[in-house]
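Worksheet: the structure to be examined is printed underneath.
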Amino acid sequence: MDNRLQSDDRLVCESWQRCRDYGLASHQTPELTLPNPLHWQQKRQLAEVMVAVTREKVLPGFQSMLANSSSLVILTDHEGYLLERWGNPSFMQQMAPALFEPGACWQEKVIGTNAIGTALHTHQITDIRRDEHFLLQNRFMNASASPIVDPHRQTVGVLNVSSDAYLPTTQIHGMVKVMSQAIENQLILAAYGQHFWQFVFNTSPDNLGSQWAGLLVFDFQGQIVSANRRADLLLGKPLAGITIDMVAGMSLQALMTTQQDATLTFSGLTSFPLFARIKAPAEASVAVTADIAFSRHTNRKTLQCEPSLTDLDTGDKQMAKAVHQAMSVLNSDIPLLIHGETGVGKERFVRAFHASSYRAAFEMVAVNCAAIPSELVESELFGYVKGAFTGANPKGSMGLIRRADKGTLFLDEIGDMPLPTQARLLRVLQEKRVTPLGSSESYPVDFQLVCATHQSLRDEIKARQFREDVYYRINGLTVALPALRDRQDIEQVVLSVLGEVCKGDRHVAISDEVMQLFNAHNWPGNIRQLHNVLRVATVLAAGKIIEPQHLPDDFFWDLKGVARIADDIDDELLEEDWQTALPKVYLALGRNVSKTAEAMSVSRNTVYKRLKQLGLWHDG
């Protein structure tokens, strides 16, 4: 084990001990079993973007180097399952063929100490030389492996380069280091390159085109939305909470007006100069961050925004979780299923999801399955040819699904879709082709599928009102949106909706008294109700500050109902042990966390914490 670059005796010894604990013996040949087809298909879908950028964007730049070194490149997912491999070196013939099949697991507990499995355990680039492999059958190669992280720094895979024992470890290590960085850069660009600004920087103007350059992407307000790990290294600190003007040491306006082929010199966060180039987004971003202004005398608030997905995270834990989950599958084409009460803003969430994706340049088609008469659903969705049925448009119709090609198809209230239509939809989702009514010709379609429902689809399946096979086809990732009454960021939601209602009119504002009423309200109609209240109020306020007299009467009917319940709470109840009192008070106040906190004289965070302990509150 001499002449090792990065391999560490302690790291290898600890790995070997784990292998013994797993019950492995160095002479054995483990039985390698592949995952079941459905599980494997889901894994491949999750990793589709990573595989594509590796194959199409990264490997071509290293082809000659890999060919000369007789190397094997392996890409696995975050659990060590082989997704794809490139190369066919001679040493593969001396090893178990099943190791190199798609779906083979390279975890330590399956095949012992190896670069992939050990890198997954240590979360760092790992070199394993020939004799450091735990199993004798694997001692024909040197290997280096590096974890790959997505734009949110979550591990999504491992890149491994293996070669025979005669290739210097330094060469393999360097190759893996640069290639993994290149993959991470491409994942950032796939997620954000279309609609966000890019800031590429390095220690010299001559290496700005290198994959080893620092990369930041930022929005039109200068907020950094993603950065590669090289950026952290060059700047000497993580970039959480830091804006692009702080990094560059110059104003956002100056950065955005810089010529794209010009080289900047900057040292905003460092004591030494760095060099950078700016690249504007390919498409104008629809993401405009909230512009909140405060007046010294009235403390009134105004807002102008059209939110993107990241803008929806304004301080509520449940919404932050939903946004993070949705961002994790952005541009992966994994179906999204959104749960939430009527009016919580499911379509708003989907529009933000669409606007943040690479499909934003194409159409988002929203279909309310509950609003279309059952006899017209199929013709509306799948289209029809002329003469397909009585009353059909003589020119025919392409249908909503084909309209969504290259864009996003949003099926709202999917639980209300008729069963026959569900069967036809399943076929479209399986074949990625749609056949109009009355036609024998099918057309290819490519769209991001997002569905939403306020119902329990599992209950609908039990009642035989929803097809189980359709459910598992649309349920790629389930996201739950919180009711407005349960949100911790009601004020920010109000400002955002106000911006939509008044279309950016900065003269429209909300008084502190009205904002207090909004915080106290139970909002049975959720954001849809808030939207309607603000529409009425802005008209009555005639473009000025919204005061209580501008709010509609039914808003106060709901508010008085909550207030009367609060007044009726027995003082003796509040003196009981909190485990007994809290559920009663919480239910009595219509599950309003703010009112419950006020009634029990504790903070809202305390109420959330105690409700979780009692099983009455769930983050998802």
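One gets my numbering by counting positions in the sequence shown from 1 and adding 111 to each.
Note that beta-carbon positions come from the ideal geometry of N, C-alpha and C, so glycine has one too.
Please read all numbers here as calculations on a predicted model, not as lab measurements.
1. Taking DSSP as the reference, what is the three-state secondary structure of cysteine 130?
2. Just mark leucine 375 as buried or exposed, buried being the case when its beta carbon has 16 or more other beta carbons within 10 Å.
3. At what residues does the alpha helix (DSSP H) containing leucine 698 begin and finish?
4. Let me confirm a value: glycine 610 is counted as buried when at least 16 other C-beta atoms fall within 10 Å, else exposed. Which label applies?
5. Less than 7 Å between C-beta atoms, sequence neighbours within five positions excluded: which residues of the same chain meet that for alanine 230?
6. Please classify asparagine 643: does DSSP put it in a helix, a strand, or coil?
7. How many Å lie between glycine 214 and asparagine 147 at the Cα?
8. Would you mind stating whether alanine 515 and glutamate 474 have Cβ atoms separated by less than 8 Å?
9. Which two residues bound the contiguous beta strand (DSSP E) that contains serine 274?
10. How about the stretch 567-586 and the stretch 525-541: do they share at least three Cβ pairs that are nearer than 8 Å?
11. Who pairs with aspartate 523 in a beta bridge, going by DSSP?
12. Going straight from the alpha carbon of histidine 465 to that of glycine 587, what length do you get?
13. Buried or exposed: which applies to methionine 112, given that a residue is buried once 16 or more other Cβ atoms fall within 10 Å of its Cβ?
14. Quick one: using the 10 Å Cβ neighbour count with 16 as the cut-off for buried, is lysine 457 buried or exposed?
15. At what residues does the alpha helix (DSSP H) containing threonine 707 begin and finish?
16. Count the other CB atoms within 10 Å of the CB of leucine 344; is the residue buried (16 or more) or exposed (fewer)?
17. With a Cβ-Cβ cutoff of 8 Å, do valine 272 and proline 141 count as a contact?
18. Should the stretch 309-329 be called in touch with the stretch 377-389, which here means at least 3 C-beta pairs below 8 Å?
19. Do isoleucine 512 and glutamine 156 count as a contact pair if the criterion is CB distance below 8 Å?
20. Per DSSP, histidine 450 forms a beta bridge with which residues?
21. Valine 267: which of Phe245, Lys154, Ser508 and Gln282 sits nearest, CA to CA?
22. How should lysine 706 be labelled, buried or exposed, when 16 other C-beta atoms within 10 angstroms of its C-beta is the threshold for buried?
23. Taking the alpha-carbon positions, what's the valine 169 to leucine 522 distance?
24. Can you list the beta strand (DSSP E) stretches of 3 or more residues lying completely in the stretch 181-263, in chain order?
25. Here's a check: name, in chain order, each residue in its chain whose Cβ is nearer than 8 Å to the Cβ of glutamate 159, leaving out the five neighbours to either side.
26. Going by C-alpha distance, which of Ala431, Lys348, Gln332 and Phe331 is nearest asparagine 339?
27. What is the rounded straight-line gap between the Cα of lysine 655 and the Cα of threonine 649?
In brief:
1. Annotated three-state conformation of cysteine 130 is helix, per DSSP.
2. Taking all protein chains shown into account, leucine 375 has 16 or more neighbouring C-beta atoms within 10 Å of its C-beta and is therefore buried.
3. Counting along the chain, the alpha helix (DSSP H) containing leucine 698 begins and ends at 689-699.
4. Glycine 610 counts as buried, since at least 16 other C-beta atoms from the protein chains shown sit within 10 angstroms of its C-beta.
5. If we look at alanine 230 and ignore the five residues flanking it on each side, its Cβ neighbours are Ile236, Thr237, Ala256, Ser257, Pro258 and Val269.
6. Helix.
7. If you take the alpha carbons of glycine 214 and asparagine 147, they lie about 9 Å apart.
8. A contact, by the Cβ cut-off of 8 Å.
9. 266-274 is the span of the beta strand (DSSP E), which, as asked, contains serine 274.
10. At 8 Å Cβ cutoff, the stretches touch.
11. When beta bridges are read from the DSSP output, aspartate 523 appears opposite Asn479.
12. Note on geometry: alpha-carbon atoms of histidine 465 and glycine 587 lie some 16 Å from one another.
13. Residue confidence for methionine 112 is low, a pLDDT of 37 falling below 50, so the modelled location carries little weight; the figure read from the coordinates is stated next. The residue is exposed, with fewer than 16 neighbouring Cβ atoms inside 10 Å.
14. Label assigned to lysine 457: buried.
15. From DSSP, the alpha helix (DSSP H) with threonine 707 extends over 704-711.
16. With fewer than 16 Cβ atoms within 10 Å of its Cβ, leucine 344 is classed as exposed.
17. In this structure, valine 272 keeps its C-beta atom at 8 Å or more from the C-beta atom of proline 141.
18. A contact exists between the stretch 309-329 and the stretch 377-389.
19. Using a Cβ distance threshold of 8 Å, glutamine 156 and isoleucine 512 do not count as a contacting pair.
20. DSSP lists Thr564 and Ala591 as partners of histidine 450.
21. The shortest Cα separation from valine 267 among Phe245, Lys154, Ser508 and Gln282 belongs to Lys154.
22. Result: buried.
23. Approximately 36 Å, taken between the alpha carbons.
24. Listed in chain order, they are 183-188, 193-197, 237-239 and 253-260.
25. For glutamate 159, same chain residues with a beta-carbon under 8 Å away, outside a window of 5 residues either side, are Ser443 and Asp444 in chain order.
26. Answer by Cα proximity: Lys348.
27. Each residue's CA atom was taken as its position, placing lysine 655 and threonine 649 some 8 Å apart.
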